[in-house]
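Asks: Take a look at this one; I'll ask things after.
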Amino acid sequence: MRILIAEDDPAIAAAIADALRQGGHAVDHVDSGAQADVALRDSTHDLLVLDLGLPGLDGSEVLHRLRQRGSGVPVLVITAREGLNERVRVLDLGADDYLVKPFALTEFEARVRALLRRSASKGTTEVRIGRLRLDLPGHRAWIGDTPLELTAREFGLIEALASRP
Ligand code: CA
200 MRILIAEDDP
210 AIAAAIADAL
220 RQGGHAVDHV
230 DSGAQADVAL
240 RDSTHDLLVL
250 DLGLPGLDGS
260 EVLHRLRQRG
270 SGVPVLVITA
280 REGLNERVRV
290 LDLGADDYLV
300 KPFALTEFEA
310 RVRALLRRSA
320 SKGTTEVRIG
330 RLRLDLPGHR
340 AWIGDTPLEL
350 TAREFGLIEA
360 LASRP
């Protein structure tokens, strides 16, 4: 699997990148929110590990933009911010799981495995052809980052065409 780490603390980033690589994953690392935003637009990752306290663009904003674009990539938030309200806020923004620093690497690895298992069991729900992207269960479509306003019949037609590109 290909995993993006967005974390500006070099020691934490190195530790979790090592753990993921030893788990057989390909790892990309960025250390600012703006870089994370760009990387998530240009490439397909199977999982995002997201620190909230990123310089420049906050991790919450990265997550908000990611979900606004309709991406369903699993997101594991790692943060020093504690508290019930904060956890609720982050999960409502579209995070799939949440770890408060400092955390044990074994727990981090277990949560990554759980998220990847969950997303693998969902199967293929997204179709991409060039700049066109379809969310099949959600009946939504985008060209690049722009959502398309489609009727159910139009979505059915584009889905049928996309299945035979
Ligand atoms: Ca940070």
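Each number in our numbering corresponds to the 1-based position in the sequence shown with 199 added.
Even for Gly, the Cβ is constructed at its ideal location relative to N, Cα and C.
Helix, strand or coil, according to DSSP, for Leu-256 in the structure here?
Replies: Correct three-state label for Leu-256: coil.
Asks: Buried or exposed, going by whether 16 or more other CB atoms sit within 10 Å of the CB of Phe-302?
Replies: Phe-302 should be labelled exposed.
Asks: For Leu-290, which residues from the same chain have a beta carbon less than 8 Å from its beta carbon, with the 5 sequence-adjacent residues on both sides left out?
Replies: Cβ neighbours of Leu-290 beyond the five flanking positions: Tyr-297.
Asks: If distances are taken between C-alpha atoms only, which option among Thr-243, Gly-282, Gly-293, Ser-242 comes closest to Gln-267?
Replies: Minimum Cα distance to Gln-267 is reached at Gly-293.
Asks: Please report the residue range of the beta strand (DSSP E) in which Leu-275 lies.
Replies: Residues 274 to 278.
Asks: Assuming Ala-205 and Gly-258 are in contact, meaning their beta carbons sit under 8 Å apart, how far apart are those beta carbons, in whole angstroms?
Replies: Between Gly-258 and Ala-205 the Cβ distance is about 7 Å, and since that is below 8 Å, they are a contact.
Asks: Return the residue from the list Ala-212, Ile-357, Ala-210, Ala-319 that minimises the CA-CA distance to Asp-245.
Replies: The shortest Cα separation from Asp-245 among Ala-212, Ile-357, Ala-210, Ala-319 belongs to Ala-319.
Asks: Under DSSP, the beta strand (DSSP E) around Glu-325 begins and ends at which residues?
Replies: Per DSSP, Glu-325 belongs to the beta strand (DSSP E) from 325 to 328.
Asks: So, is Val-237 buried or exposed, given that buried needs 16 or more other C-beta atoms within 10 angstroms?
Replies: So Val-237 ends up on the exposed side.
Asks: Can you say whether Ala-212 is buried or exposed, counting buried as having 16 or more other CB atoms within 10 angstroms of its CB?
Replies: Counting Cβ neighbours within 10 Å, Ala-212 comes out buried, since at least 16 surround it.
Asks: So, using beta-carbon positions, are Val-274 and Leu-256 closer together than 8 Å?
Replies: In this structure, Leu-256 does not lie closer than 8 Å to Val-274 by Cβ.
Asks: Do you know how far the Cα of His-338 is from the Cα of Ile-215?
Replies: In a straight line, the C-alpha of Ile-215 is about 36 Å away from that of His-338.
Asks: Using 7 Å as the cut-off, classify the Cβ of Gly-252 as near or not near the heavy atoms of ligand 1, replying yes or no.
Replies: Yes; taking the cut-off as 7 Å, the Cβ of Gly-252 has a heavy atom of ligand 1 nearer than that.
Asks: I need the DSSP call for Asp-236, collapsed to helix, strand or coil.
Replies: If DSSP states are grouped into helix, strand and coil, Asp-236 belongs with the helices.
Asks: How would you call Leu-247, buried or exposed, if buried means at least 16 neighbouring beta carbons within 10 angstroms?
Replies: It counts as buried.
Asks: If you follow the beta strand (DSSP E) that Ala-340 is in, where does it begin and where does it stop?
Replies: 339 to 342 is the extent of the beta strand (DSSP E) around Ala-340.
Asks: Which of helix, strand or coil does DSSP assign to Ala-303?
Replies: Of the three classes helix, strand and coil, the one that applies to Ala-303 here is coil, per DSSP.
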